[in-house]
Amino acid sequence: PGHHQLFMHACDVSRLPDGSFRVNADWTQAPSGAGYALADRRVVAHAIPDLYERVAPRPTTPFAQALRLALIDAAPDIAQDPVVVVLSPGIYSETAFDQAYLATLLGFPLVESADLVVRDGTLWMRSLGTLKRVDVVLRRVDAMYTDPLDLRADSRLGVAGLVEAQHRGTVTVVNTLGSGILESPGLLRFLPGLAGRLLSEDPLLDTAPVYWGGIAAERSHLLANLSSLLVKSTVGGKSLVGPTLSSQQLAELAARIESTPWQWVGQEPPQFSSAPTDHAGVLASAGVGMRLFTVAQRSGYAPMIGGVGYVLASGPAAYTFNTVAAKDVWVRPTERARAEALPTPAPPAAQPAKTGAGTWAVSSPRVLSDLFWIGRYGERAESMARLLIVARDRFHVYRHHQYTEESACVPVLMAALGGITGTDAGGDVGDHAEMIAVAPSTLWSLTVDPDRPGSLVQSVEGLALAARAVRDQLSNDTWMVLAGVERALAHRAEPPDSLTEADALLATAQSQTLAGMLTLSGVAAESMVRDAGWTMMDIGKRIERGLWLTALLQATLTVVRPAAAEQIIIEAALVACESSVTYRRRTAGTVSVAAMAELMLFDATNPRSLLHQVERLRANLRDLPGSSGSSRPERLVDEISTRLRR
């Protein structure tokens, strides 16, 4: 759009043995890697602060600022406060983190095809109860998949009618649909000539030598050197690595080239400089390359001062840029760069007339659904961790006193775990000896076995999956906490033979998970804006806490038991509900089912009670956009509240 039709460009560059640089590939379809480069800089600056401060590489953040302003400036002229979105294939894309991190840094929503709709030639984003017009789309979906109506009919990654909307000029799509043609290997052969003819300039960097089958002399060279070239099809872009092909495969390829020579090019394999790398604690030499980025502005192209570096796999895999590690690329500042870095007030004309303020506070139904499940899975993991800690603690207290009345609390708690998770947790075993025999393995699997339905690790995995789908909505603290919890639960499926060792591992996993869930709850409570997204997350939290509470009380309080057993069971349930301190303060140590029920069911001042969850749920439903006060969910919540207050 505008003066520069190619909005964003990336190129893979390597250094040759003579010290010169060469471009091995251009990326114009939907260039990836800028998010990785920006994230790597942040990580490296924290990991090696002394070296970072000593070298003081030029920052990469100005590129993100330039990209954001360029996206806003690319909006159609009719847009006053443009809405900009980043269109992603989804969380299963191999560059999902790159897309989400970049969207977060830019402050624009990360959307998928289900979040968008075209009506009357205009692109809209679905929001809760309404539609929000979209003015600019930074696409990370290949053009062929962006519109199932006009392009690839089987695509589930695109928006029907997007091509028409772009043609009408109601939305700007960058990179522009069709820009991927510049990645065609057939153009590489003619790139220097095109630059001279169209721009009256020579390329600043050379590209790898290319031989096109459509020219007789070059076709002869191509056929004679198939075993040492990268052979690419100009139709579909398929690449074949000559050094990895057998004699029969080379012969078949030569026949195909002879039949349609204009469809094939051969490229000299890329050459990479080497650098010392640490591989499994061993210092070794490996090829390195880097990807560099530029973004179009009114005055020209703004480069990222740096980029994403990569360490290449050994052998022929390096020819196709198969990487084993990403690196941060540092550019040391010169005296001129230091002078240019001094803050100077920008002239008014340099400031964009548009702000992109219209993008703020827009959440699609998909995002709201994922936030709802974040609330549910987070509360489920917290409640599960509490109950597992209590059950494990009571098991170790009474496993040597299994014939006392108090030991009845162990099968009751195991049955509660089974009832809540919908699985057999060993609580229905009649003989205490049998129960003790199965309890350790049951507690282990309910904590760390990802294949066990309802296990703690399953809840954490569900939370992480939902969080990845809305990565742009969550702070960096969230990922730090989640990573710690996932590491704590990353144990083998079978417990150690030593009961002491297994118990120590379980204690660590359960306590760290509980601490992590409490931290996430605090981050949400103190850092998230109270918009529709936070409301949906809190709705999920209240529903899950209410379901867990009723299931736990049903398993522990609905059967008459001996007084000694009943007291231990009530105390254990109170600990699992995080209400034991409140209970002791209010009852002076007297334990009874009635007092427990009053506190956990009917006390609206207790944030763990069922009535409190219902009241919070009612307030949240009222706060949602478009609330009428008489919708079916609101009527059901009112009915539950009335019953609890009788």
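With this note's numbering applied, the sequence shown corresponds to residues 1 to 646, in that order.
Note that CB positions come from ideal geometry on N, CA and C, so glycine has one too.
Model, not experiment: these values are computed from the prediction.
(request) Find out if the Cβ-Cβ distance for the pair residue 580, residue 600 is shorter than 8 Å. (result) no
(message) By the DSSP assignment, the beta strand (DSSP E) with residue 8 in it spans what residues?
(response) 8-15
(request) Answer yes if the stretch 145-156 comes into contact with the stretch 191-201, meaning at least three C-beta pairs across the two stretches below 8 Å, and no otherwise. (result) no
(request) Tell me, to the nearest whole angstrom, how far the beta carbon of residue 173 is from that of residue 166; I am working on the premise that it is less than 8 Å. (result) 5 Å
(message) Between 482, 323, 591, 303, which has its C-alpha nearest residue 70's C-alpha?
(response) 303
(request) Specify the secondary structure class of residue 255 as computed by DSSP and reduced to three states. (result) helix
(message) Does residue 466 pass the burial test, meaning 16 or more other C-beta atoms within 10 Å, or should it be called exposed?
(response) buried
(request) Can you grab the Cα-Cα spacing for the pair residue 210 / residue 277, in whole Å? (result) 31 Å
(message) For residue 449, count the other beta carbons within 10 Å of its own beta carbon; 16 or more makes it buried, fewer makes it exposed. Which is it?
(response) buried
(request) Going by CA-CA distance only, name the one from 50, 53, 66, 41 that's closest to residue 7. (result) 66
(request) Report buried or exposed for residue 455, applying the criterion of at least 16 other Cβ atoms within 10 angstroms of its Cβ. (result) buried
(request) Going by DSSP, name the residue or residues bridged to residue 490. (result) In the DSSP output, where bridge partners are listed per residue, residue 490 has none listed.
(message) In whole angstroms, give me the CA-to-CA distance for residue 392 and residue 443.
(response) 7 Å
(message) Restricting to Cα atoms, I'd like to know which of 123, 374, 56, 280 is closest to residue 79.
(response) 123
(request) Using a threshold of 8 Å, state whether the C-beta atoms of residue 32 and residue 95 are closer than that. (result) yes
(request) State whether the stretch 526-538 contacts the stretch 401-408, with contact taken as three or more CB pairs (one from each stretch) at a distance under 8 Å. (result) no
(message) Using only CA atoms, which one of 175, 128, 267, 238 lies nearest to residue 649?
(response) Nothing about residue 649 can be read from this structure; the chain reaches only from 1 to 646.
(request) Would you kindly report the start and end of the unbroken alpha helix (DSSP H) that includes residue 375? (result) 365-398
(request) For my contact list, residue 365 and residue 54 are in at a C-beta cut-off of 8 Å; report their separation, rounded to the angstrom. (result) With 8 Å as the limit, residue 365 and residue 54 do not qualify as a contact, their Cβ atoms being about 49 Å apart.
(message) Suppose contacts are defined by Cβ-Cβ distances below 8 Å. Is residue 367 in contact with residue 470 by that definition?
(response) yes
(request) Tell me, please, whether the stretch 287-301 touches the stretch 258-274 by the rule of three or more beta-carbon pairs shorter than 8 Å. (result) yes
(request) Work out the CA separation of residue 87 and residue 420 for me, nearest whole Å. (result) 39 Å
(request) Assign residue 383 to buried or exposed, taking buried as 16 or more other Cβ atoms, counted over all protein chains shown, within 10 Å of its Cβ. (result) buried
(message) For the pair the stretch 236-252 and the stretch 305-314, tell me if three or more CB-CB distances fall below 8 Å.
(response) no
(request) Within its chain, find whatever has a CB closer than 8 Å to the CB of residue 633; leave out the 5 residues flanking it on each side and keep chain order. (result) 621
(request) For residue 98, collect the residues of the same chain with a Cβ closer than 6 Å to its Cβ; drop the 5 residues on either side in sequence, then sort them by chain order. (result) 32, 35, 36
(request) Express the C-alpha separation of residue 41 and residue 235 in angstroms, rounding to a whole number. (result) 37 Å
(message) The beta strand (DSSP E) that contains residue 607, what's its start and end?
(response) First-last for residue 607: undefined, no H or E at that position.
(message) Helix, strand or coil for residue 238? Go by DSSP, reduced to three states.
(response) coil
(request) Excluding the 5 residues preceding and the 5 following residue 223 in the sequence, name in chain order all residues of the same chain whose CB lies nearer than 6 Å to its CB. (result) 254
(message) Using only CA atoms, which one of 374, 515, 610, 27 lies nearest to residue 554?
(response) 610
(request) Give me the Cβ distance between residue 140 and residue 30, rounded to the nearest whole Å; I'm assuming they're in contact under 8 Å. (result) 5 Å
(request) Can you grab the Cα-Cα spacing for the pair residue 418 / residue 474, in whole Å? (result) 33 Å
(request) Consult DSSP for residue 176 and reduce its assignment to one of helix, strand or coil. (result) coil
(message) Within a Cβ cutoff of 8 Å, which residues of the same chain sit near residue 586, ignoring the five residues on either side of it in sequence?
(response) 595, 599
(request) Can you say whether residue 363 is buried or exposed, counting buried as having 16 or more other CB atoms within 10 angstroms of its CB? (result) buried
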